[in-house]
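Below is one structure; the comments refer to it alone.
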Amino acid sequence: GSQIIPQALYLSNMLKAVKIRELMSEDLVKCNNGIIQHFKTMHRYTIEMFRMCHFCPPFQKLLQKSIIDQATQNSLEHQKKLNWCREVKKLMPLKTNGDGNCLMHAASQYMWGVQDVDLLLRKTLFTVLKEGDT
């Protein structure tokens, strides 16, 4: 069968994903000493998942299968490490590339809805750790 839903959130709108990645690179500020780096404006943003309850159950299942890492969610919930507190909003682990950069992919997806495929966050973290006094 043909693929109805993209297998990653950022694949749903590639033009937007490319633009966001360009903005990330342009927005990164490196201070004169080269150690402290930050985003000028893009740190203000985050992505919030749409409410799946607005869709019919079959489509909800299709969306969940496409963008949520259900095996990780089940494992973490079973271990009471995720969604153990019923008083806070439920968290859902999004699928990320398993290429050794999953932490930066996850952080980038949380902030902007795109994975760190250009390795901007990874390279920045490496530079700060390498050149920093910490």
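For the sequence shown, the tail end lands on 154 under my numbering, and the numbers increase by one without skipping. All C-beta atoms, glycine included, are put in the ideal place defined by N, C-alpha and C. Everything numeric in this text was worked out from a predicted model, so none of it was measured.
Check                                                                                                          : Outcome
Option nearest Leu111 by Cα separation, candidates Glu97, Phe146 and Gln80                                     : Glu97
Unbroken beta strand (DSSP E) run spanning Gln57, endpoints                                                    : Gln57 to Phe59
Under 9 Å between C-beta atoms of Ile88 and Gln129                                                             : no
DSSP three-state assignment for Val49, whether helix, strand or coil                                           : strand
Beta-ladder partner(s) of Leu114, from DSSP                                                                    : Ile88
Range covered by the alpha helix (DSSP H) that runs through Thr146                                             : Note that residue 146 is Phe in the sequence shown here, rather than Thr. Where Phe146 is concerned, the enclosing alpha helix (DSSP H) stretches over Leu140 to Glu151.
Cβ-based burial, Gly21 [other Cβ within 10 Å; buried from 16]                                                  : With a pLDDT of only 46 at Gly21, under the threshold of 50, the placement of this residue in the model should not be trusted, and no figure is reported.
Own chain partners of Thr61 with C-beta closer than 8 Å, once the 5 adjacent residues on each side are dropped : Asp47
Residue nearest to Leu141 in terms of C-alpha spacing, selected from Leu123, Arg71 and Lys39                   : Leu123
Spatial distance of Gln84 from Gln90 (CA atoms)                                                                : 8 Å
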